[in-house]
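Enquirer:
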Amino acid sequence: MTVPPLLFDPTDPSVARDPFPTYARLRESHPVWRSPASGIWFLTRHADVHAAWRDKRLGSSFTHRYTAEEFVADGELPPWHDARYADFAAFERWDLISLEPPDHTKLRRLVVEAFTPRAIERQRPVAQRLVDQRLAAGRERGTLDLVRDIAEPLSLAIICDLIGVPPSDRSAVLALSHDVVAMYEPQPPDAQKARANAAAREFMDYTAGLIAERRRTPADDLLGGLLDAVIDGERLSDEQVTSTVMLLLMAGHEASVNAAGNGVAAFAAHPEQWDLLRSDAALLKPAIEETLRFDPPLQFFQRWVLEEGFEVEGTPVPRGARVGLMIGSANRDPRRYPEPDAFRIARGEASHLSFGGGIHFCLGAPLARLELEVLFGSLAASLPRIELLPGAVRRPGFQFRGYSSLPIAPTA
Ligand code: HEM
Numbered sequence: 009m010t011v012p013p014l015l016f017d018p019t020d021p022s023v024a025r026d027p028f029p030t031y032a033r034l035r036e037s038h039p040v041w042r043s044p045a046s047g048i049w050f051l052t053r054h055a056d057v058h059a060a061w062r063d064k065r066l067g068s069s070f071t072h073r074y075t076a077e078e079f080v081a082d083g084e085l086p087p088w089h090d091a092r093y094a095d096f097a098a099f100e101r102w103d104l105i106s107l108e109p110p111d112h113t114k115l116r117r118l119v120v121e122a123f124t125p126r127a128i129e130r131q132r133p134v135a136q137r138l139v140d141q142r143l144a145a146g147r148e149r150g151t152l153d154l155v156r157d158i159a160e161p162l163s164l165a166i167i168c169d170l171i172g173v174p175p176s177d178r179s180a181v182l183a184l185s186h187d188v189v190a191m192y193e194p195q196p197p198d199a200q201k202a203r204a205n206a207a208a209r210e211f212m213d214y215t216a217g218l219i220a221e222r223r224r225t226p227a228d229d230l231l232g233g234l235l236d237a238v239i240d241g242e243r244l245s246d247e248q249v250t251s252t253v254m255l256l257l258m259a260g261h262e263a264s265v266n267a268a269g270n271g272v273a274a275f276a277a278h279p280e281q282w283d284l285l286r287s288d289a290a291l292l293k294p295a296i297e298e299t300l301r302f303d304p305p306l307q308f309f310q311r312w313v314l315e316e317g318f319e320v321e322g323t324p325v326p327r328g329a330r331v332g333l334m335i336g337s338a339n340r341d342p343r344r345y346p347e348p349d350a351f352r353i354a355r356g357e358a359s360h361l362s363f364g365g366g367i368h369f370c371l372g373a374p375l376a377r378l379e380l381e382v383l384f385g386s387l388a389a390s391l392p393r394i395e396l397l398p399g400a401v402r403r404p405g406f407q408f409r410g411y412s413s414l415p416i417a418p419t420a
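Next up, the structure:
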């Protein structure tokens, strides 16, 4: 039997570092390609990824419709279906991203209430103060790590404040979050899965403590709101509150921080675009959309094919298959964007798929955009150019694309 060629290997560090040439090849030869290594059917073109997010025959999970025996998955199940990772599975049980209607509809309605445009806008002066302080401190010190000194503390402080996590716990939350989300990398090694599972347990225990404390001391934060909320005459269970709080505490900074780092790196490589941004404040919002299109912080999301009849550009994809919606590839599809590899902040195109689509469309998109606006607006006002200094460190892995450290010159 001939082994099919591995056209795309997300576990290869060189592919993870720069996946775009591989995406370009795959997009032209294979709008959909089944990886023999993971069993995932990767969708590579913008129109197909966009449509898949809205296709009711696909689902984030299958357990709302089938038992594991009835479903017969094509390829391996995600790691948390393995009994060794039962703690992670307990978190996943009520993870909004993995829920489907009607559970998803109810829980999402509740969380959306906390993310009203007014509630988000209230964070603008908070974000501005923090960024101003951090920039001033960097100038004084003469060093500035864009990720560690600004982007990470910014996103972490805002999501933790919204939820009601005390400042003293934030670095522990950050470390747990990084360990938990490593489970979502394609084909994680066993040690990584075990660490993710242990971190999920610790994170759940920590959140249980937060819940107990909030019951003792009520407060007007998101956690208090979730505990008081009543949907269809019922309160949320502690398990539902725990998973929701954990998801928000992870989603609330992982991608935004990476988006900030990737965006700054893009401007460093395209100084003429930085000049353009500095010359016209009206370009701030389009510039942020272009950074998200050009180098998205999350590379792909998965869906199960729940019914027969799903096909992509003439290729049937069977029921039971897992499809990978490749954001990074879709955002560079020349069928959608002229000269897709060019970074142009005046494109005026907000059609990138970095925030997903359909019922799971990113609930935190307005908050992420606000943080990025404050950050890039402040950098543009104070730095005539973005100069990267030695010492940048990329995050390991493929799915969470960004930097864990990105030193830049704090004055120019
Ligand atoms: C640039 C930053 C961000 C990016 C690129 C991003 C991207 C995404 C994507 C692609 C999804 C869809 C996942 C899927 O379809 O399976 C999603 C969902 C979600 N995001 Fe974000 N996100 C960002 C920031 C945030 C922030 C700041 C928050 C929290 C406040 C957040 C909270 C969520 C939640 C709760 C969901 C699940 C929504 C649902 O399942 O209904 N995200 N995000």
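For the sequence shown, my numbering assigns the number 9 to the initial residue and increments by one for each residue that follows.
From the three backbone atoms N, C-alpha and C, an ideal C-beta is built for every residue, glycine too.
Taking the alpha helix (DSSP H) that I166 falls in, what are its first and last residues?
Expert: Translated into positions along the sequence shown, residue 166 becomes position 158. First-last of the alpha helix (DSSP H) with I166: E160 to I171.
Enquirer: Would you mind sorting F50 into buried or exposed? The rule is 16 or more other CB atoms within 10 Å of its CB.
Expert: Your numbering for residue 50 matches position 42 in the sequence shown. By the 10 Å Cβ count, F50 comes out buried.
Enquirer: Can you say whether K64 is buried or exposed, counting buried as having 16 or more other CB atoms within 10 angstroms of its CB?
Expert: Locating residue 64 in the sequence shown gives position 56, counting from the first residue. Result: exposed.
Enquirer: May I ask you to report which of helix, strand or coil DSSP gives P175?
Expert: Counting from 1 along the sequence shown, the entry for residue 175 is found at position 167. It is helical.
Enquirer: Please name the residue or residues paired with Y411 in a DSSP beta bridge.
Expert: As a working note, residue 411 is residue 403 in the sequence shown. In DSSP, Y411 forms a bridge with R402.
Enquirer: I need the straight-line Cα distance from V119 to A220, nearest angstrom please.
Expert: Your numbering for residue 119 matches position 111 in the sequence shown. Your numbering for residue 220 matches position 212 in the sequence shown. If you take the alpha carbons of V119 and A220, they lie about 20 Å apart.
Enquirer: Tell me whether A199 counts as near ligand 1, meaning its Cβ is closer than 7 Å to at least one heavy atom of that ligand.
Expert: The residue you call residue 199 lines up with position 191 of the sequence shown. For ligand 1, not one heavy atom lies less than 7 Å from the Cβ of A199.
Enquirer: Just curious, the beta strand (DSSP E) that Q310 is in, first and last residue?
Expert: Residue 310 sits at position 302 when you count from the first residue of the sequence shown. Element bounds for Q310: F308 to V313.
Enquirer: If you count every other CB in all the chains shown that lies within 10 Å of the CB of L380, and 16 or more means buried, which is it?
Expert: Here residue 380 refers to the residue found at position 372 of the sequence shown. If you draw a 10 Å sphere on the C-beta of L380, you find 16 or more other C-beta atoms in it, and that means buried.
Enquirer: Using DSSP with H/G/I as helix, E/B as strand and the rest coil, what is G67?
Expert: For the purposes of this step, residue 67 is taken as residue 59 along the sequence shown, with counting starting at 1. G67 falls in the strand class under three-state DSSP.
Enquirer: Starting from I48 and walking both ways along the beta strand (DSSP E), at which residues does that stretch end?
Expert: As a working mapping, residue 48 is identified with position 40 in the sequence shown. Segment I48 to L51, the beta strand (DSSP E) holding I48.
Enquirer: Could you spell out the range, first to last residue, of the alpha helix (DSSP H) harbouring V80?
Expert: On the sequence shown, residue 80 is found 72 positions in, with the first residue counted as 1. No residue range can be given for V80, since it is assigned to no alpha helix (DSSP H) and is classified by DSSP as neither H nor E.
Enquirer: Would you call the stretch 118-136 and the stretch 335-352 touching, i.e. three or more CB-CB distances under 8 Å?
Expert: no
Enquirer: Using C-beta distances below 6 Å, list every residue in its chain close to Q200, excluding the 5 sequence neighbours before and after it, in chain order.
Expert: Position 192 of the sequence shown holds residue 200. Closer than 6 Å at the Cβ level, and outside the excluded window around Q200, lie A190.
Enquirer: Using alpha carbons as the reference points, say which of Q310, G332 and P392 lies closest to E280.
Expert: Locating residue 280 in the sequence shown gives position 272, where the first residue counts as 1. Ranking Q310, G332 and P392 by Cα distance to E280 puts P392 first.
Enquirer: Let me know the secondary structure DSSP gives I416 once reduced to three states.
Expert: Here residue 416 refers to the residue found at position 408 of the sequence shown. If DSSP states are grouped into helix, strand and coil, I416 belongs with the strands.
Enquirer: Let me know the secondary structure DSSP gives T323 once reduced to three states.
Expert: In the sequence shown, counting from the first residue as 1, residue 323 sits at position 315. Note: T323 maps to strand in three-state DSSP.
Enquirer: What's the gap between the Cα of E148 and the Cα of L387?
Expert: In the sequence shown, residue 148 corresponds to position 140, counting from 1. In the sequence shown, residue 387 corresponds to position 379, counting from 1. Answer to the nearest angstrom: the Cα atoms are 16 Å apart.
Enquirer: Could you give the residue range of the beta strand (DSSP E) that holds V331?
Expert: As a working note, residue 331 is residue 323 in the sequence shown. That run of the beta strand (DSSP E) goes R330 to M334.
Enquirer: Report the residue from W88, A59, R53 and H58 whose alpha carbon sits nearest the alpha carbon of S69.
Expert: Taking the sequence shown and counting its residues from 1, one reaches residue 69 at position 61. It is W88 whose Cα lies nearest to the Cα of S69.
Enquirer: Of all the options L257, A376, Y214 and Q307, which has the alpha carbon lying nearest to the alpha carbon of K293?
Expert: Counted from its first residue, the sequence shown places residue 293 at position 285. If we check each option's Cα against that of K293, A376 comes out closest.
Enquirer: Would you mind working out which of A338, G150 and R355 sits nearest E297, comparing C-alpha positions?
Expert: The residue labelled residue 297 in the question sits at position 289 within the sequence shown. When each option's Cα is compared against that of E297, the closest is R355.
Enquirer: Among the residues of its own chain, which have a CB less than 7 Å from the CB of Y93, if the five just before and after it don't count?
Expert: As a working note, residue 93 is residue 85 in the sequence shown. Only P87, K201 and N205 meet the Cβ criterion.
Enquirer: Between the stretch 128-135 and the stretch 258-272, do three or more beta carbon pairs fall short of 8 Å?
Expert: no
Enquirer: Would you identify the three-state DSSP class for R116, choosing helix, strand or coil?
Expert: Here the question's residue 116 lines up with position 108 in the sequence shown. It is helical.
Enquirer: What are the residues that DSSP puts in a beta bridge with A42?
Expert: As a working note, residue 42 is residue 34 in the sequence shown. The sequence as given places Arg at residue 42; Ala does not occur at that position. DSSP output for R42 lists W49 as bridge partner(s).
Enquirer: Quick check: does the Cβ of I158 come within less than 7 Å of any heavy atom belonging to ligand 1?
Expert: Walking along the sequence shown from the start, residue 158 turns up at place 150. Not so, every heavy atom of ligand 1 lies at least 7 Å from the Cβ.
Enquirer: Where R402 and I239 are concerned, what is the direct C-alpha to C-alpha distance, given to the nearest angstrom?
Expert: One-based indexing of the sequence shown puts residue 402 at position 394. One-based indexing of the sequence shown puts residue 239 at position 231. Distance between the alpha carbons of R402 and I239 is about 42 Å.
Enquirer: Would you say the beta carbon of C168 comes nearer than 7 Å to a heavy atom of ligand 1?
Expert: As a first step, residue 168 is located in the sequence shown; it is residue number 160 there, counting from the start. Not so, every heavy atom of ligand 1 lies at least 7 Å from the Cβ.
Enquirer: Could you pull the DSSP bridge partners for L396 from this structure?
Expert: In the sequence shown, residue 396 corresponds to position 388, counting from 1. Note: L396 sits in a beta bridge opposite I416.
Enquirer: Are F309 and P18 touching if we call contact CB-CB under 8 Å?
Expert: One-based indexing of the sequence shown puts residue 309 at position 301. One-based indexing of the sequence shown puts residue 18 at position 10. No, Cβ-Cβ distance for F309 and P18 is not below 8 Å.
Enquirer: State yes or no: is the C-beta of S264 nearer than 7 Å to some heavy atom of ligand 1?
Expert: Position 256 of the sequence shown, counted from the first residue, corresponds to residue 264. Answer for S264: yes, Cβ within range of ligand 1.
Enquirer: Which of the three DSSP states, helix, strand or coil, is assigned to D153?
Expert: To locate residue 153, count along the sequence shown from 1; it is residue 145. In the structure shown, D153 sits in a strand (DSSP, three-state: E or B).
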